[in-house]
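Okay, so the sequence shown: first residue is 92 according to our numbering, each after it adds one. Here a beta-carbon is modelled for each residue, glycine too, at the ideal position from N, C-alpha and C.
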Amino acid sequence: MLFVIVPAYNEEKNIGRVLGGLFSHGHKNVVVVDDGSTDNTAQAAAEAGATVLRHEVNRGQGAALQTGNDFALQKGASVVVHFDADGQFNPADIEIALGAMKNNNADVLLGSRFLDNRSEIPWTKKYIVLPISRFINRLLTGLKLTDVHNGFRILSRPALEKINISQDRMAHNSEIIKQIRQHKLNFVEHPVEVKYFKYGQGVDGGIKILQDILAAKFLK
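Here you go:
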């Protein structure tokens with residue numbers, strides 16, 4: 092049984108469209124984790140037909156994903172897809188990625204925007220933030236990946252049972268990758284489309300990602 096976990100924070104304007112895309116592609120078990128939103132994200136998600144879990148306060152994407160993972164495991168999920176709430180991902184990529192995961196006998200599939208040319212990545216991310224994050228990730232985890240901060244991933248139940256996200260915010264990406272290596276899970280990278288919008292793509296967001304990664308390193 093497949094579950095799609097959608098962490099969401101103040102995505103009232105986007106969540107209905109994102110959920111509509113997922114439902115139109117046949118995904119019935121869609122769980123939105125409303126991470127302490129101050130708008131009507133939870134109501135919009137419920138009206139669209141999703142199961143909604145709520146954090147009373149904003150804890151961060153890592154915490155939202157762990158809440159969703161725990162719920163999916165309790166409900167008997169055999170595989171879980173992580174899918175962002177802002178409309179950047181293409182729901183059509185899920186079925187293709189599941190096929191790639193099966194063909195590669197992988198426990199985990201990690202989405203990458205660098206394995207094809209569909210994603211028009213802002214230059215600050217493409218040439219500054221993401222290369223630095225790849226370098227830091229390799230130092231921290233020992234794994235060489237093309238894209239370490241992509242929210243699209245698929246995890247099998249055995250992987251879900253082993254991976255525990257303790258980093259509440261953006262450092263959870265590196266934490267997941269580190270645990271993939273620690274638990275010797277088979278993984279594959281797969282191309283996914285990431286759409287970029289004018290809002291939310293500034294340098295500040297990239298700097299915050301790097302800060303969270305470094306903080307996770309020194310807090311361990």
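One or two residues paired with L171 in a DSSP bridge: One point to set straight first is that residue 171 is Val, not Leu, in the sequence displayed. In the DSSP output, where bridge partners are listed per residue, V171 has F94 and L246.
Count the CB pairs spanning the segment 193-206 and the segment 125-144 that are closer than 8 Å, and state whether there are at least three. With the rule of 3 Cβ pairs closer than 8 Å, the segment 193-206 does not count as touching the segment 125-144.
For the segment 101-137, list the beta strand (DSSP E) runs that are entirely contained and at least 3 residues long, ordered along the chain. 121-126
Could you have a look at L200 and say whether DSSP puts it in helix, strand or coil? strand
Length of the line joining the Cα atoms of A154 and F162: 12 Å
Note the first and the last residue of the continuous alpha helix (DSSP H) segment covering F278. F278 -> not in any alpha helix (DSSP H); beta strand (DSSP E) instead, spanning F278 to P282.
Bridge-paired residues (DSSP) for L164: Answer is none; L164 lacks a bridge partner.
Which word fits V285, buried or exposed, when buried means at least 16 other C-beta atoms lie within 10 angstroms of its C-beta? buried
Delimiting residues of the alpha helix (DSSP H) encompassing H263: H263 to Q273
Given a cut-off of 9 Å on the beta-carbon distance, is the pair L113 and V121 in contact? L113 places its beta carbon less than 9 Å from that of V121.
In the DSSP output, what is A99 paired with across the bridge? Note: A99 sits in a beta bridge opposite D125.
In whole angstroms, what separates the C-alpha of A141 from that of L110? 7 Å
Using C-beta distances below 8 Å, list every residue in its chain close to I256, excluding the 5 sequence neighbours before and after it, in chain order. Take I256, set aside five residues on each side of it, and the residues of its chain with a beta-carbon closer than 8 Å to its own are G153, A154, L156, Q157, N160, H263, E266 and I267, in chain order.
Please classify Y100 as buried or exposed, where buried requires at least 16 neighbouring CB atoms within 10 angstroms. Under this definition Y100 is a buried residue.
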